[in-house]
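First the structure, in the form of C-alpha cells, and then the observations on it.
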Amino acid sequence: MMRNRKSRSYINPYLGGVLLGLTVLAANYISGRGLGASGAMKNAIVASVEAVAPAHAENAAFYKEFNETHTGSPLNSWLVYQMLGVLAGGFLSGVIARRMTWKVEHSPKISSKTRLVAALAGGILFGFGSQLGRGCTSGSALSGMAVLSLGGFLSMMAIFGTAFALAYFVRKLWI
Amino acid sequence: MGPLIVNDIISPNTNMLLAFFIGIAFGFILESSGFSSSRKLVGVFYGYDTVVLKVFFTGAITAMLGLLFFSLFGWMDLTYIYINPTYLWSTLVGGVIMGAGFILGGFCPGTSVCAAAIGKIDAFLFIAGIFIGIFIFMEGYPLWEGLYKAEFLGYLKMNKYFNLSSGLFVLLVIAAAVVMFWIAEKAEKKFKAPEY
Amino acid sequence: MKSRIIIAIVFLSLGLIIAFVPENTTSQYKLSAAELLDEVKGETQFVHPDQVADMIVQDQPTMQLIDIRSKEEFEKYALPEAINIPLDNILSEEWKPYLNQDVYLNVFYSNGTTRANEAWMITRQLGYKNNYVLQGGLNYWVETVLNPEKPDMTSPDDEFARYNYRKAAGNALGGGGTIEQKQDVEPAKLPPIRKGNKKKMVQGGCS
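The following block contains the structure:
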C-alpha cells in the first residue's frame, strides 16, 4: 500500500529515462560532452587543496598533472556549473513533489548509525573508484554508453556487476 | 550545426550557463524518477524495484539514438563530441570499487547530490565519503599511477571493436534492453518491495 | 498499453531505421554531387578582377589570394601577397588550415579559369567555405586591370569611370605595361593561420 502511494508520485521510469537521454543528447549537442558528477567534486577538492596548501599542490604529482591539462580555476568548469544545476533541479523536484524531509533512510533491521557509517564507507569507495575509473555512473557509464565508448560499457558492467555480486552479503542494510 | 560550442555558435560563457540548465534538468529528472531514495536505487540488486535499470538503459538508448539521428539529419558532427578513453584495467578495477561503494552506500555521486538536495542525511555522509575517497586517490596518486594509465586502448567505440555499423550495434543494445526490461518487470512481481 | 511495450516498440522501430540507413550519410561535411552542380550553375564562386584589384589596392587583410599554378609559374609572376598552393598538393594536410577556415576570403587563380575552378570544386566538395575563383584568371586580369582597353568615345559614362579606375589600379599594381617585366618582389610569406576555435577538441567526461 505504502509503496503504491509512493511510486505514484514518481514519474514513469521509461518516461524518466527518455527525458534523461534527451538531457545527455542536449549536453552533447550544446557542449559536445556528456554529463558528469564526480568530476565536479574532484575540481572542488583541487581548488580547496590549492587554497589551503598551495605549496603541496605545486609539488604533489596529481595536482601537477591536473594543472597541465586544465586551465583556469578548477571551480570555473562546465561540470561544476552542471553540478550546481543538479542540486537546484533535485531541490525543485523535491519541493514540487513534497518530498522535502530531513531523514536517514534505512532498513528497519539496522540503526541510523549503521546506515550513516555504511553511507560514508560507500562514498569513500565510490569517490576513489570514480577517479581510478575516470568517471562515475553518469560521466563514464551513462555518457560513455551514449557515445558508444568501450570504456563506458565496461564501466557500466563493472559497476552493476560488482554491486549485484555483493548484494547478497549486505542484504541486511537494505531489506 | 552542433556541437554548438565547437562551431563557435555559442560563447564559452554561454556554454557554462547552459551547463547549469542542463544540470537542473538532470537533477530534476533523477529526483522525480526516485533516484533520491537509496532503498529504491539498490532495489535493482534485490529485484524488488528496478527503476534504476529502466531509467538508466532507456536514457542511454535515447541518447544513442538521438546522436545517430542528429548526425543523420546533418544537425550534428559526431566527430567533435567527446569519446571517453578506454584504459582497460583502471576502468575495470575502478568499476569494481564503485560497484562495492554503490551497494554499501546506496547512491552514486549524481544521485547523492539529488538526495542531499531533498534532505537525506545519509546522502550528506555519502558525499563526504566521496570527497575523502577522491582526496585519498589524489594524495596517493604515485601509488596507483601505473594502474591508472595501464592498457590504454584509445578512444575506442563498441561498434568499431565488434566491427559493426553504429546503427546495428545500437539495435542490438535495444534488443538486449527490451529483454532486460521484461525480466525486470517479472522480478518486481516476484520480490516484494519493503516499505520505504 | 503498458509503457514497457510502448517503449519497446518505439525503440525497436527507431533502431531498425538507424541500423539500415547507410552510415555515410551521417557525414554532412561533404556536398552531394547535385548540390555541387547547383552551385556551379549559380556561378556564385566567381569574383570579378575589379573586385580583387579593389581589395588589393585597399589592402584588405581579409582577402587571401591563392595561386594554384605550379611553383615555377608562381615564381615567375604572381599577384601581390598571393601564396602558392599547386593544384596537385591541394589535398595535402599542410594546406588544410588555409583552405578550411572561416577568417579569410580565399581567391583561387590560375592562368585561365578552369584549373582554379577545379581547385574550388575540390575544396567545395570537402565542405570548405570562403573559397572563391578569380573570374577569367590571370589572362583576364591582365586584360581588365593591367592593360584596360580604352572604351569607345560613344560609350556611356560609367564605362569611362571603370576604365579610369582600372587604369589607376593597374598602375598601382605594377601594370600599365606588359606582364613580362621582371617582378623583383619576394613572394608573399605565408600568413598566420587564423582559425578561431574550430578544431579545438572538447573536454569531457569526468576529467
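Note that the protein sequences, when read in sequence, are chains A, B and C. Using the working numbering, the first residue of the first sequence is number 31, and each one after it goes up by one. Using the working numbering, the first residue of the second sequence is number 1258, and each one after it goes up by one. Using the working numbering, the first residue of the third sequence is number 489, and each one after it goes up by one. We put the beta carbon where it would ideally sit given N, CA and C, even for glycine.
Residues of chain C with CB closer than 9 angstroms to the CB of residue i, please, in chain order.
i: Phe1448/B; result: By Cβ distance, chain C contributes nothing, its closest Cβ being about 17 angstroms from Phe1448/B, past 9 angstroms.
Identify which residue in the options has its Cα closest to the Cα of residue i.
i: Ser1290/B; options: Phe1392/B, Phe1359/B, Tyr1412/B, Thr1307/B; result: Thr1307/B
i: Trp1401/B; options: Ile1431/B, Pro1366/B, Trp1346/B, Leu1421/B; result: Trp1346/B
i: Tyr435/C; options: Asn635/C, Leu593/C, Pro574/C, Ile495/C; result: What the structure shows of chain C is the stretch from 489 to 695, and residue 435/C is not part of that stretch, so it cannot be assessed.
i: Ala656/C; options: Pro639/C, Met641/C, Val633/C; result: Val633/C
i: Tyr59/A; options: Thr1348/B, Thr1336/B, Ala1432/B, Lys1297/B; result: Thr1336/B
i: Lys490/C; options: Phe1438/B, Glu1452/B, Lys1449/B; result: Phe1438/B
i: Ile1375/B; options: Leu1275/B, Val1263/B, Ser1295/B; result: Ser1295/B
i: Gln613/C; options: Ile506/C, Ile494/C, Leu525/C, Pro639/C; result: Leu525/C
i: Asn605/C; options: Gly658/C, Glu527/C, Ser501/C; result: Glu527/C
i: Asn572/C; options: Gln533/C, Ser598/C, Gly503/C, Gly530/C; result: Ser598/C
i: Gly1403/B; options: Ala91/A, Ala148/A, Glu98/A; result: Ala91/A
i: Leu1410/B; options: Thr1348/B, Leu1428/B, Ile1387/B; result: Thr1348/B
i: Ile1354/B; options: Trp204/A, Glu95/A, Leu155/A; result: Leu155/A
i: Pro639/C; options: Tyr628/C, Arg654/C, Leu575/C; result: Arg654/C
i: Thr602/C; options: Ile505/C, Glu531/C, Leu502/C; result: Glu531/C
i: Gly153/A; options: Met1395/B, Pro1399/B, Gly1358/B; result: Gly1358/B
i: Asn42/A; options: Ala566/C, Pro549/C, Arg492/C, Asn635/C; result: Arg492/C
Mind checking residue i: buried by the 16 CB within 10 Å criterion, or exposed?
i: Lys564/C; result: exposed
i: Glu135/A; result: buried
i: Glu1288/B; result: buried
i: Val76/A; result: buried
i: Ser515/C; result: The predicted model places Ser515/C with a pLDDT of 46, which falls under 50 and marks its position as unreliable; any figure quoted below should be read in that light. Its Cβ having fewer than 16 others within 10 Å, Ser515/C is exposed.
i: Ile1440/B; result: exposed
i: Met551/C; result: buried
i: Ala1317/B; result: buried
i: Asp645/C; result: exposed
i: Tyr198/A; result: exposed
i: Glu674/C; result: With a pLDDT of 49 at Glu674/C, under the threshold of 50, the modelled position of that residue is not reliable, and no figure is offered here.
i: Gly625/C; result: buried
i: Lys143/A; result: exposed
i: Ile1431/B; result: buried
i: Ala83/A; result: exposed
i: Ile1384/B; result: buried
i: Lys1377/B; result: buried
i: Asn659/C; result: exposed
i: Val1312/B; result: buried
How close, in whole Å, do the beta carbons of residue i and residue j come, if the pair is a contact with beta carbons under 8 angstroms?
i: Gly66/A; j: Ser173/A; result: 7 angstroms
i: Phe1461/B; j: Ala1434/B; result: The structure shown does not extend to residue 1461/B, since chain B spans only 1258 to 1453, so no value can be given for it.
i: Val545/C; j: Tyr620/C; result: 18 angstroms between Cβ atoms; not a contact.
i: Thr1368/B; j: Phe1292/B; result: 4 angstroms
i: Leu1324/B; j: Val177/A; result: 7 angstroms
i: Leu184/A; j: Tyr1418/B; result: At roughly 10 angstroms, the Cβ-Cβ gap does not stay under 8 angstroms, so Leu184/A and Tyr1418/B are not in contact.
i: Ile1286/B; j: Leu49/A; result: 5 angstroms
i: Ile1340/B; j: Lys1443/B; result: Not really, about 35 angstroms apart at Cβ, beyond 8 angstroms.
In angstroms with no decimal places, state the Cα-to-Cα distance between residue i and residue j.
i: Gln161/A; j: Ile1391/B; result: 7 angstroms
i: Asp555/C; j: Ile497/C; result: 58 angstroms
i: Thr1343/B; j: Met187/A; result: 14 angstroms
i: Gly157/A; j: Ser1328/B; result: 35 angstroms
i: Gly665/C; j: Glu560/C; result: Per-residue confidence for Gly665/C stands at a pLDDT of 44, beneath the threshold of 50, marking its modelled position as unreliable; the derived number appears in the next sentence. Distance between the alpha carbons of Gly665/C and Glu560/C is about 22 angstroms.
i: Ala570/C; j: Cys1371/B; result: 60 angstroms
i: Ile1393/B; j: Ala81/A; result: 18 angstroms
i: Ala507/C; j: Asp1379/B; result: 44 angstroms
i: Lys1449/B; j: Pro138/A; result: 15 angstroms
i: Asp672/C; j: Pro568/C; result: For Asp672/C, the pLDDT reaches just 46, beneath the cut-off of 50, and the residue's location in the model is therefore unreliable, although a value from the coordinates is still provided. For Asp672/C and Pro568/C, the distance between alpha carbons rounds to 11 angstroms.
i: Ala1373/B; j: Leu1425/B; result: 40 angstroms
i: Ala1320/B; j: Asp1334/B; result: 15 angstroms
i: Thr1271/B; j: Ala522/C; result: 37 angstroms
i: Thr192/A; j: Tyr586/C; result: 52 angstroms
i: Trp629/C; j: Leu1428/B; result: 58 angstroms
i: Gly1397/B; j: Leu1382/B; result: 22 angstroms
List the residues of chain A whose Cβ lies closer than 8 angstroms to the Cβ of residue i, in chain order.
i: Thr1343/B; result: Ser179, Leu180, Gly181, Leu184
i: Thr1315/B; result: Pro43, Tyr44, Gly46, Gly47, Val48, Leu50, Gly51
Residue i versus chain B: which residues are under 9 angstroms apart at the beta carbon?
i: Leu500/C; result: Leu1428, Ile1431, Ala1432, Val1435
How would you list, in chain order, the residues of chain A whose beta-carbon sits under 9 angstroms from the beta-carbon of residue i?
i: Asp1265/B; result: Within 9 angstroms Cβ-Cβ: nothing; Asp1265/B doesn't reach chain A, min ~12 angstroms.
For a contact meaning CB atoms closer than 8 angstroms, what does residue i contact in chain B?
i: Glu80/A; result: None at all; the shortest Cβ gap to chain B is about 11 angstroms.
i: Ile154/A; result: Gly1358, Gly1386, Ile1387, Ile1389, Gly1390, Ile1393
i: Ala67/A; result: Cys1365, Pro1366, Gly1367, Val1370
Name the chain C residues whose beta carbon is nearer than 7 angstroms to that of residue i?
i: Leu1425/B; result: Ala507
So with CB distances below 7 angstroms, who are the chain A contacts of residue i?
i: Ile495/C; result: Tyr44
i: Phe1409/B; result: Under the 7 angstroms cutoff, chain A gives no residues; its nearest Cβ is about 10 angstroms from Phe1409/B.
What does residue i touch in chain B if you count any residue whose Cβ is under 7 angstroms from its own?
i: Leu504/C; result: Leu1428
Can you list, in chain order, the residues of the stretch 1317-1331 of chain B whose Cβ is nearer than 7 angstroms to any Cβ on chain E?
Reference to chain E is not applicable here, since the protein chains of this structure are A, B and C.
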